[in-house]
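Here is the structure we will look at.
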Ligand code: SF4
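In my numbering, the protein residues as written are 1492 to 1632.
Put into C-alpha cells, the structure is as follows:
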C-alpha cells in the first residue's frame, strides 16, 4: 500500500466538509489549507531508482488524501497525473471526492481506454447530497 499526494490543501465545498480532518490538522500546525499547492511527491508514481525500477511499489495507492483529486485549483495539473496513473498499470489508484459533479470535467480524454486501475469513491454525506449525487450519476450513465 502506498500514499500519493500530488498536491495538498483543499476548500470546503459541502456539508460533509464540516469536520474535515485536513483543515483540523492544518489549523494545529498553522498551515493555510485553502492554499492548494503541488507537493514534492507530484511525480512519485514514475520516480525510479538508479537501477531503473519504480520507487513506488505495485499495489494499492491511496491518492490525494491531503486534498480532493477533483478540486478546481488542480485542473491544470490533473492530466499529468492521469498519464502517470495510466503508466502504472501494476497499481490500483483509489481516491475519494466530494466533487463528483466535476467528474466529466476531470477525467482524461482517453478515460475509456486504460483506466481500469482507478477506483473513484464518492462521499454520500447526507440525504440532501445523496439525492444530488444520485441525480448527477444517473445523468452520467
Ligand atoms: S473536500 Fe474533503 S478534503 Fe476538501 S475540505 Fe471537504 S472534507 Fe476536507
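Glycine included, every Cβ here is placed at the ideal spot set by N, Cα and C.
No experiment lies behind these values; they were computed from the predicted model shown.
Return the chain-ordered list of same chain residues with a C-beta closer than 8 angstroms to the C-beta of residue i, the five sequence neighbours on each side being excluded.
i	result
residue 1553	1492, 1493, 1494, 1495, 1585, 1586
residue 1547	1493, 1495, 1535, 1536, 1538, 1579, 1582
Check whether the Cβ of residue i lies closer than 7 angstroms to any heavy atom of the ligand SF4, and answer yes or no.
i	result
residue 1513	yes
residue 1503	yes
residue 1577	no
residue 1613	no
residue 1558	yes
residue 1535	no
residue 1519	no
residue 1596	no
residue 1572	no
Going by C-alpha distance, which of the options is nearest residue i?
i	options	result
residue 1625	1502, 1608, 1590	1590
residue 1527	1558, 1545, 1548	1558
residue 1533	1567, 1515, 1601	1567
Quick one: Cα of residue i to Cα of residue j, how far?
i	j	result
residue 1574	residue 1522	30 angstroms
residue 1531	residue 1499	10 angstroms
residue 1540	residue 1551	20 angstroms
residue 1594	residue 1628	9 angstroms
residue 1519	residue 1505	22 angstroms
residue 1622	residue 1571	32 angstroms
residue 1510	residue 1604	37 angstroms
residue 1502	residue 1525	5 angstroms
residue 1616	residue 1555	19 angstroms
residue 1618	residue 1508	15 angstroms
On the criterion of 16 or more Cβ atoms from any shown chain inside 10 Å, does residue i qualify as buried, or is it exposed?
i	result
residue 1592	buried
residue 1517	buried
residue 1610	exposed
residue 1588	buried
Using a Cβ-Cβ cut-off of 6 angstroms (strictly less than) and excluding sequence neighbours within five positions of residue i, which residues of its own chain qualify?
i	result
residue 1606	none
residue 1542	none
Please list, in chain order, all residues of the same chain as residue i whose beta carbon is under 7 angstroms from its beta carbon, the five residues on each side excluded.
i	result
residue 1597	1561, 1569
residue 1564	1527
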